Amino acid sequence: MKKGVFFLLIISLISSMLFSFDTNTSLINLDENQLIHLRDSSAPKIYKNGILFTYKGNAKVVYLSGSFLNWEKLIPMSLSYFGVWYYFHKESLDVGQYLYKYKVDNFWILDPMNPEIARDYYDQSLSLLKIEKKLIIYDRSPVINSKTKECLFWLENKTASNIYIYGDFNNWNPYQFRLTRDGDFWTISLKLESGRYGYRFIVDFDKELLDPHNDNIKLNSQNEPCSIVYIP
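Following our numbering, the numbering of the sequence shown begins with 2 at its first residue and continues without gaps.
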């Protein structure tokens, strides 16, 4: 093999590896309505609103189980139009390593698309999913931690330069709490006492928004619509 061809081959392989790694973590929400159109399987992909598990192969039924389910459940996977079995896991996960397997008909198998493998206490080989950053599921807003009373507000916006949140929790002071940007997502975590709070977002100082991921809307004392959150 010529040196030039060999060099290009190495570069191609490295690029492919990097691309594969990048596609396993995404800063976007997955449109769940499009899952029925899946054409290909892959190692688990992490999105803002969940983790996508996929398997492609001839089977009558496919299940998923894993340590993130405490091995207590067999989750039935759905079948796309193009023969891809899929399950979208929508629960928050802490940083750590999680083990899982597929049950294809009556046989337990490793994920054929995931090269990461680990062994459990019984020396069984299992597919490995690594969560390197605490996974918070952005499928509703706000996300409430019932133990700490922390309330995570978020908004998806690609073009904004500044986003603020204000409401009953700060006497409707419009520019006290600025959200932090992470890709196209803006977030802020506020610790609130038990009760009911109205709130709105301000985008770039001139556009007020209700929370698009919160259907609970009431009128405030000024007879203006605002999003409502209840802290238990």
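Positions of the beta carbon are idealized from the N, C-alpha and C atoms, including for glycine. All values derive from a computational prediction rather than experimental measurement.
| request: Would you please state the rounded distance, in angstroms, between the beta carbons of Leu180 and Tyr167? I believe it to be under 8 Å. | output: Between Tyr167 and Leu180 the Cβ distance is about 11 Å, and since that is not below 8 Å, they are no contact.
- Distance between Asp121 and Lys57 (C-alpha atoms, nearest Å): Distance from the CA atom of Lys57 to the CA atom of Asp121, rounded to whole angstroms, is 25 Å.
field: Reference Leu75; option with closest CA among Trp109, Glu194 and Val96
entry: Trp109
>> Can you give me the C-alpha to C-alpha distance between Asp216 and Asn30, rounded to a whole angstrom?
In response: 18 Å
Original post:
Under the three-state reduction of DSSP, which class applies to Leu111: helix, strand or coil?
Top reply: coil
Open item on the list: Taking the alpha carbon of Thr160 as the reference point, which residue from Asp106, Lys208 and Leu36 has its own alpha carbon closest?
Closed with: Lys208
**Message:** Between which two residues does the beta strand (DSSP E) holding Ser66 run?
**Reply:** It spans Val63 to Gly67 - the beta strand (DSSP E) in which Ser66 sits, taken as one unbroken run.
To the nearest angstrom, how far is the alpha carbon of Glu92 from that of Leu70? 10 Å
Straight-line gap, Tyr200 to Leu153 (C-alpha atoms, nearest Å) = Computed Cα separation, rounded: 13 Å.
Q: Within its chain, find whatever has a CB closer than 7 Å to the CB of Pro175; leave out the 5 residues flanking it on each side and keep chain order.
A: Tyr165, Tyr167 and Ile203
* Asked: Does DSSP put Phe234 in a helix, in a strand, or in coil?
  -> This structure leaves residue 234 out entirely; the chain is present only between 2 and 233.
Report task. In the DSSP assignment, find the unbroken beta strand (DSSP E) run with Ser43 in it and report its ends. Result -> Segment: none, Ser43 is in no beta strand (DSSP E) and carries neither H nor E.
- Message: Taking the alpha carbon of Lys1 as the reference point, which residue from Tyr48, Leu127 and Asn107 has its own alpha carbon closest?
- Response: Here the chain comprises residues numbered 2 to 233, so residue 1 is not present and cannot be evaluated.
Give me the Cβ distance between Arg141 and His90, rounded to the nearest whole Å; I'm assuming they're in contact under 8 Å. The Cβ separation is near 15 Å, so there is no contact.
Out of Asp205, Phe206 and Tyr198, state which residue places its alpha-carbon closest to the alpha-carbon of Leu220. Tyr198
- Query: Helix, strand or coil for Gln98 per DSSP?
  - Reply: DSSP, read as helix, strand or coil, puts Gln98 in strand.
Discussion item. Just to confirm before moving on: does the CB-CB distance between Ser128 and Lys102 stay below 8 Å?
Written reply: yes
query: From Val85, Asn59, Pro45 and Ile232, pick the residue whose C-alpha is nearest to that of Lys150; which is it?
result: Nearest option by C-alpha distance: Ile232.
Note to self: Using CA atoms only, rank isn't needed, just tell me which of Lys61, Glu157 and Tyr99 is closest to Arg182.
What the structure shows: Glu157
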